[in-house]
Amino acid sequence: MTRSVERAEESSQPAESSQPSQVSLSTAAARNLATTTKSVPQMQEISSRWLLRMLPWVRVGSGTYRVNRRLSYLIGDGRVTFTQAGAEVRVVPAELGELALLRGFDDAGVLDELAGRFGQHEYEAGQVITEFGSVADHVYLIAYGKVSKTGVGEYGNPVQLAVLSTGEFFGDQSLLEDQSIWEFTATAMTAVTVLALPRQAFTQLTERSESLRAHVEQHRAKASLPQNKHGEAAIDLSAGHIGEPVLPSTFVDYELAPREYELSVAQTVLRVHTRVADLYNEPMNQLDQQLRLTIEALRERQEHELVNNREFGLLHNADPRQRIHTRTGPPTPDDMDELLCMRRGTKLFLAHPKAIAAFFRECTHRGIYPEPAELHGHNVPAWRGVPILPCGKIPISNGHTSHILAMRTGEDEQGVVGLHQTGIPDEYEESLTVKFMGIDERAIMSYLVTAYYSQAVLVPDALGILDSVELSYYRD
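Under my numbering, think of the first position of the sequence shown as 744, with each following residue one higher.
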């Protein structure tokens, strides 16, 4: 009886709490009295922008930059464009002007008839399109795929001369030469679609068309003028002579219509409410931070335009003779060597980070481990001592192919130069202005932010491009 009473008394007492009571101020409450440490606004879009940092910038006081060159007789040698309806492919008639023989010919009716005389042919990988030593009596336009040109070396061994791809062509010299032969074998590396024009069809059209006949004769006359290996008007010199021969006389001829580059522009209107600028300005100035991020975005767009703009961008201003294709798909040391040897004094390679990774995979497969180069205090990847700099603005086509660019830079080196103008009114940074536009009826301040820039390739061999760089190739 006594034990049951004791148990009842124990059960009636309140149970001790499992959690101790709070004996100090909580951190959540304390934060209301504390000043937080803040970072400046962050922005993921900001990249290294190596192109903007490496280009020598030339001040263009007049807003226009003219590139004067020696007169060049080398014409054409570009790329052609096609249209497709189902399985049928047709060359755009006006694009036939990219052939050296037809450059500058503008008779639309004749070009349309000529385009209709091309026949479409399909080849599987490994099939021969033209064979060394056979009669060259067609011009071939590559509408799709890759073609390997293989010649014969000094001792009869096969030598790979080049790789051609979509938009390129070969055999156009056969349109003028009656008894020419193929000096190489053209073989399909992939499935290939080509458009072929027989020389006989071109000859028949030339006989009927007075305008085409006159253009061909003009082309023959221009081709007979003396020129150097670059197609520039020759400078007649004499060397190694003995005695007192009559020395040749000469002069240096210039292009009559040199190319001019006008400064391009990137602009935006930055709006900031006056209440924000007045009341929320400490510890960071709101206008300064808004301007900083806006300018970062403008600089990113500026670099994108320098790579991709159709008027002055690097990808659209490389001379066709300075564009090569990878021999096997991924970028190999052999491809990089070929790109490097096409110009003197290459200062840098520019490539998408995935293209750089693809190149170093090939190096690793061959047991090659290139030494990095020091640039502006950074160790960067390099090949043959030339820095390979990343640029995410270089596009990736179809998810798996890209380009690698090689450049010589600077006016003194006849390279690639950036163009801008300094000392303009309301300049905030070099060639970038911030102009106050006023306050509207909603108490919003507006600022016009403008960047002026362009780019020029002074001579064709200042810029070269390795095309068809495959990024998704992994060896087992």
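Cβ atoms here follow ideal geometry from the backbone N, Cα and C, with glycine treated the same way.
By Cβ distance, which residues of its chain are closer than 7 Å to Tyr883, with the 5 residues on each side in sequence left out?
Along the sequence shown, read from residue 1 onward, the residue named residue 883 stands at position 140. Closer than 7 Å at Cβ, skipping near neighbours: Ile872, Phe912, Phe913, Gly914, Val937, Ala939.
Which value, in whole angstroms, describes the spacing of the CA atoms of Cys1134 and Pro1124?
Residue mapping note: residue 1134 aligns to position 391 of the sequence shown, counting from 1. Residue mapping note: residue 1124 aligns to position 381 of the sequence shown, counting from 1. Going from the Cα of Cys1134 to the Cα of Pro1124 covers about 13 Å.
In whole angstroms, give me the CA-to-CA distance for Pro1203 and Gly840.
Numbered from its first residue, the sequence shown carries residue 1203 at position 460. Numbered from its first residue, the sequence shown carries residue 840 at position 97. Cα to Cα, the separation comes out at about 20 Å.
Three Cβ pairs or more, each shorter than 8 Å: is that satisfied between the segment 788-800 and the segment 1038-1049?
yes
Inspect the beta-carbon positions of Gly1082 and Ile1137 and report whether they are closer than 8 Å.
Counting from 1 along the sequence shown, the entry for residue 1082 is found at position 339. Counting from 1 along the sequence shown, the entry for residue 1137 is found at position 394. Here residue 1082 turns out to be Leu, not Gly, going by the sequence shown. No, the Cβ-Cβ distance between Leu1082 and Ile1137 is not below 8 Å.
Roughly how many angstroms separate the alpha carbons of Ile1131 and Glu1154, rounded to a whole number?
Indexing the sequence shown from 1 puts residue 1131 at position 388. Indexing the sequence shown from 1 puts residue 1154 at position 411. When rounded, the distance between both Cα atoms is 22 Å.
Tell me the start and end of each unbroken beta strand (DSSP E) in the segment 898-932 that is at least 3 residues and wholly inside, in chain order.
901-907, 928-931
How is Lys965 classed by DSSP in three states: helix, strand or coil?
For the purposes of this step, residue 965 is identified with residue 222 of the sequence shown, where counting begins at 1. Reduced to three states, the DSSP call for Lys965 is helix.
Helix, strand or coil for Met797, going by three-state DSSP, please let me know.
Translated into positions along the sequence shown, residue 797 becomes position 54. Met797: helix per DSSP, three-state reduction.
Is the segment 1056-1068 in contact with the segment 1100-1118, if contact means three or more CB pairs nearer than 8 Å?
no
Could you tell me the distance, in whole angstroms, from the CA atom of Tyr1217 to the CA atom of Arg1104?
As a working mapping, residue 1217 is identified with position 474 in the sequence shown. As a working mapping, residue 1104 is identified with position 361 in the sequence shown. Taking the straight line joining both Cα atoms gives about 8 Å.
Strictly by DSSP, which residues pair up with Met1188?
On the sequence shown, position 445 is the one that residue 1188 refers to. Val1015, Ile1182, per the DSSP bridge assignment.
Anyone know if the C-beta pair for Ser1211 and His1068 falls short of 8 Å?
Translated into positions along the sequence shown, residue 1211 becomes position 468. Translated into positions along the sequence shown, residue 1068 becomes position 325. Yes, they are a contact pair.
Going straight from the alpha carbon of Glu1172 to that of Glu1048, what length do you get?
Here residue 1172 corresponds to residue number 429 of the sequence shown, with the count starting at 1. Here residue 1048 corresponds to residue number 305 of the sequence shown, with the count starting at 1. Glu1172 and Glu1048: Cα-Cα distance of roughly 19 Å.
Bounding residues of the alpha helix (DSSP H) (the contiguous stretch that carries Gln1045):
For the purposes of this step, residue 1045 is taken as residue 302 along the sequence shown, with counting starting at 1. Element bounds for Gln1045: 1029-1051.
Quick one: measure Cβ to Cβ for Gly910 and Thr824, integer angstroms, because I've assumed they're closer than 8 Å.
Start at 1 with the first residue of the sequence shown, and residue 910 comes out as number 167. Start at 1 with the first residue of the sequence shown, and residue 824 comes out as number 81. Yes, Gly910 and Thr824 are in contact; Cβ-Cβ is about 7 Å, under 8 Å.
Using a Cβ cut-off of 8 Å (strictly closer), state whether Val835 contacts chain D.
Among the protein chains of the structure shown there is no chain D, as only one such chain exists.
Under the assumption that Asn1052 contacts Ser1007 (Cβ atoms under 8 Å), give the Cβ distance between them as a whole number of angstroms.
Numbered from 1 along the sequence shown, position 309 holds the residue referred to as residue 1052. Numbered from 1 along the sequence shown, position 264 holds the residue referred to as residue 1007. Right, their Cβ atoms sit about 7 Å apart.
Please classify Met744 as buried or exposed, where buried requires at least 16 other C-beta atoms within 10 Å of its C-beta.
Taking the sequence shown and counting its residues from 1, one reaches residue 744 at position 1. The pLDDT assigned to Met744 is 48, lower than 50, so where the model puts this residue is not dependable; a value taken from the coordinates is nonetheless given after this. By the 10 Å Cβ count, Met744 comes out exposed.
Would you kindly report the start and end of the unbroken beta strand (DSSP E) that includes Lys892?
Residue 892 sits at position 149 when you count from the first residue of the sequence shown. Taken as a continuous stretch (DSSP letters only), the beta strand (DSSP E) holding Lys892 covers 890-895.
Pull the bridge partners of Asn1122 from the DSSP assignment, please.
On the sequence shown, position 379 is the one that residue 1122 refers to. Paired residues: Glu1117.
Counterpart residues of Arg809 in DSSP-defined beta bridges
Stepping through the sequence shown from its first residue, residue 809 is reached at position 66. DSSP output for Arg809 lists Glu1003 as bridge partner(s).
Label Pro991 either buried or exposed according to how many other C-beta atoms from any shown protein chain fall within 10 Å of its C-beta, with 16 as the threshold for buried.
The residue you call residue 991 lines up with position 248 of the sequence shown. By the 10 Å Cβ count, Pro991 comes out exposed.
Skipping 5 residues on each side, what residues in its chain have a beta carbon closer than 6 Å to that of Lys1097?
As a first step, residue 1097 is located in the sequence shown; it is residue number 354 there, counting from the start. Hits under 6 Å: Leu1214.
Can you tell me whether Val959 is buried or exposed, with buried defined as 16 or more other CB within 10 angstroms of its CB?
Sequence index remark: in the sequence shown, residue 959 carries index 216 (1-based). It is buried - the Cβ of Val959 has at least 16 other Cβ atoms within 10 Å.
Would DSSP call Thr936 helix, strand or coil?
Within the sequence shown, the letter at position 193 stands for residue 936. Reduced to three states, the DSSP call for Thr936 is strand.
Selection from Gly1158, Glu1005, Leu907, Ile1187 that minimises the alpha carbon distance to Gly804:
Numbered from 1 along the sequence shown, position 61 holds the residue referred to as residue 804. It is Glu1005.
Evaluate Ser908 with the Cβ neighbour count: other Cβ atoms within 10 Å of its Cβ, from every protein chain shown; 16 or more gives buried, anything less gives exposed.
Sequence index remark: in the sequence shown, residue 908 carries index 165 (1-based). Answer is buried; the Cβ neighbour count reaches 16.
Measuring only the C-alpha atoms, how far is Ser849 from Pro1168?
To locate residue 849, count along the sequence shown from 1; it is residue 106. To locate residue 1168, count along the sequence shown from 1; it is residue 425. First, the amino acid is wrong: residue 849 is Asp here, not Ser. Looking at the two C-alpha atoms, the distance is approximately 45 Å.
If the criterion is Cβ atoms closer than 8 Å, does the pair Thr933 and Val1192 meet it?
Against the sequence shown, residue 933 aligns to sequence position 190. Against the sequence shown, residue 1192 aligns to sequence position 449. It is not a contact, given that the beta carbons lie outside the stated cut-off.
Check whether the Cβ of Gly804 sits closer than 7 Å to any heavy atom of the ligand SAM, and report yes or no.
As for the ligand SAM, it is missing from this structure, which has no ligand bound.
Which of the three DSSP states, helix, strand or coil, is assigned to Ala879?
Here residue 879 refers to the residue found at position 136 when the sequence shown is read from its first residue. Here Ala879 sits in coil by DSSP.
Check each candidate in Glu831, Cys1106, Arg1086, Gly821 and name the one with the smallest Cα separation from Pro1074.
Position 331 of the sequence shown holds residue 1074. Comparing Cα-Cα distances from Pro1074 to each of Glu831, Cys1106, Arg1086, Gly821, the minimum goes to Cys1106.
Roughly how many angstroms lie between the CA atoms of Asp1031 and Asp1078, to the nearest whole one?
Here residue 1031 is taken as the residue at index 288 of the sequence shown, counted from 1. Here residue 1078 is taken as the residue at index 335 of the sequence shown, counted from 1. Going by the C-alpha atoms only, they are around 47 Å apart.
Helix, strand or coil at Phe848 according to DSSP, with G and I counted as helix
For the purposes of this step, residue 848 is identified with residue 105 of the sequence shown, where counting begins at 1. It is coil, neither helix nor strand.
Is it the case that the Cβ atoms of Thr1089 and Val1129 are separated by a distance below 8 Å?
In the sequence shown, counting from the first residue as 1, residue 1089 sits at position 346. In the sequence shown, counting from the first residue as 1, residue 1129 sits at position 386. Yes. Within cutoff.
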